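What follows is a set of notes on a single structure, which appears directly below.
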Amino acid sequence: MTKSYGTVTWAGVPYEPLTAGRDPGPGPRFGSTVGAVTHVLVTGGAGFIGTHVVAALLDAGRQVTVLDAGHPGAHRTPPPDTVAGAPVRRVDLRDRPAVAGTLAGIDVVVHQAAMVGLGVDLDDLPEYVGCNDLGTAVLLAEMARAGVHRLVLASSMVVYGEGAYTCPRHGPVRPAPRAVADLAAGRYEPACTVCGAALAPGLVGEDAPLDPRSVYAATKVAQEHLTSAWSRQTGGTVVALRYHNVYGPGMPRDTPYSGVAAIFRSALEAGRAPRVFEDGGQRRDFVHVRDVAAANLAAVTATGARTGWRAYNIASGRPATIGEMAAELARAAGGPPPVVTGEFRLGDVRHVVASPARAEAELGFRAAVGLADGVAEFAHAPLRG
Ligand code: UD1
């Protein structure tokens, strides 16, 4: 299926239309070197999302160079030698000479490499900052030296902290982190900071204040700020994609760093019920990894249209509760129904639900995979070791 979004503009500037959801055709999957084909460097290209991004770029006729450090936080076993036919170069972004050696002839960098997740303990802190922020700093410095001025950054909705909320009396409010005593007493919904009233959750837009609530979130905010400063100083273009909860084939099996979809899927595969924390009413936006790859393709194109720094929610626009996600997945997998445990984690926020309007208006990106279809596939799709 090929889906065309017609002529689109980015911040008022027209650019070539996006095609999304293509079937990978036959023939070489390695990209073409004929004519003025955009040459894209994908960092973290052997990871869960990076693999799909590489395949989408190749399918769309871009030339692709794949970097991956094979970090043990993302890869329990060494990464493959090739992704969609493209060789994987083992480069750690903290290694400045190695990064410098990859940038000749590159038009756009798509920066997916990162340590993700909530972290296990504070021993992880230097590694998060090293991989995510020092790695990004080295990449940006070497891009500037090599004259590469277009960047797509894999950011995350974690930069927002809690989602958007409105108090019936005080309008939009930013709830404080939830107190342990409230969570332990089963009071999961954040309250108005002024009057304590129950809040109505709403859609987070990209101009919401940044309020990171974990080490990982802080490193993603730092990436956004570093790339913004780089853009101002170099005149380069950055499209920051704030991924919501990505799921789909090739997701790593559960580790302490995994997102909830992989944890539920791994439990079901082992014949166990998914364990739903809090009361299961917390909302997220689950976006399919092929949609995220299509968003990256659109973003690569958009970086050719103008300069500056701009962030986009990459979301399906169709929120679900964690309880609904668990039930849908259990049903599709034919496994035991979820158990709601009332456990809670300090770094967790209650609801983060995005408005995907800006990405649709300016990138021409709209998610194509519905949750029921995506989960039906994910329930049986292979996970990564
Ligand atoms: C997740 C990712 C984050 C990523 C973001 C956007 C992790 C740990 N978090 O954030 O890296 O940037 O999506 O793509 O990778 N839960 C359960 N049972 C479990 C585990 C979790 O009910 O076994 C609940 C949690 O309490 C939480 C929700 O599921 O309410 C989502 O958890 P999770 O996917 O870990 O974190 P996000 O904050 O959504």
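Heads up, the sequence shown is in our numbering, so the first residue is 1301 and it goes up one at a time.
We put the CB at the ideal spot given by N, CA and C, even for glycine.
All values derive from a computational prediction rather than experimental measurement.
- According to the DSSP assignment, A1454 belongs to the beta strand (DSSP E) that extends over 1450-1456.
- If you ignore the 5 residues before and after D1585, its C-beta comes within less than 6 angstroms of the C-beta of H1544, A1615, S1616, P1619, V1653, A1654, all in its own chain and listed in chain order.
- Closer than 7 angstroms to some heavy atom of the ligand UD1: that describes the Cβ of M1457.
- Its chain contains Q1363 as the residues whose beta carbon lies nearer than 6 angstroms to that of V1337, once the 5 sequence neighbours on both sides are disregarded; these appear in chain order.
- With a 10 Å radius around the Cβ and a threshold of 16 neighbouring Cβ atoms, V1649 comes out buried.
- Straight across, the Cα-Cα distance linking G1536 with N1432 is about 20 angstroms.
- Between the alpha carbons of G1435 and V1459 lies a distance of about 18 angstroms.
- Taking the C-beta atoms as reference points, L1439 is found no nearer than 8 angstroms to A1540.
- With a 10 Å radius around the Cβ and a threshold of 16 neighbouring Cβ atoms, V1383 comes out buried.
- When only Cα atoms are considered, V1538 and S1456 end up about 15 angstroms apart.
- Counting along the chain, the unbroken beta strand (DSSP E) around H1411 starts and ends at 1408-1411.
- Remark: the C-beta of D1407 is outside contact range of the ligand UD1, defined as less than 7 angstroms to any heavy atom.
- Within the same chain, V1342, G1345, V1364, V1366, V1383, A1384, A1386 come within 7 angstroms of V1354 by CB-CB distance, once the 5 residues on both sides are set aside.
- Around the Cβ of A1611, a 10 Å sphere holds 16 or more other Cβ atoms; the residue is buried.
- In the same chain as F1564, and ignoring 5 residues on each side of it, the C-beta atoms closer than 6 angstroms to its own belong to P1574, A1626, L1629, in chain order.
- Between G1463 and the set A1446, P1490, A1479, the nearest pair of CA atoms involves P1490.
- DSSP, read as helix, strand or coil, puts G1623 in helix.
- Here V1473 has Y1465, T1466, C1467, C1492, T1493, V1494, L1499 as same chain residues with Cβ atoms under 8 angstroms from its own Cβ, once five neighbours each way along the sequence are excluded.
- Restricting attention to alpha helix (DSSP H) runs no shorter than 4 residues, the segment 1602-1669 encloses them at 1622-1633, ordered along the chain.
- Between S1528 and W1609, the C-beta spacing is below 8 angstroms.
- At least one heavy atom of the ligand UD1 lies closer than 7 angstroms to the C-beta of H1544.
- Here Q1523 is buried, its C-beta having at least 16 other C-beta atoms within 10 Å.
- Going by beta carbons, V1391 and E1442 fall outside the 8 angstroms limit.
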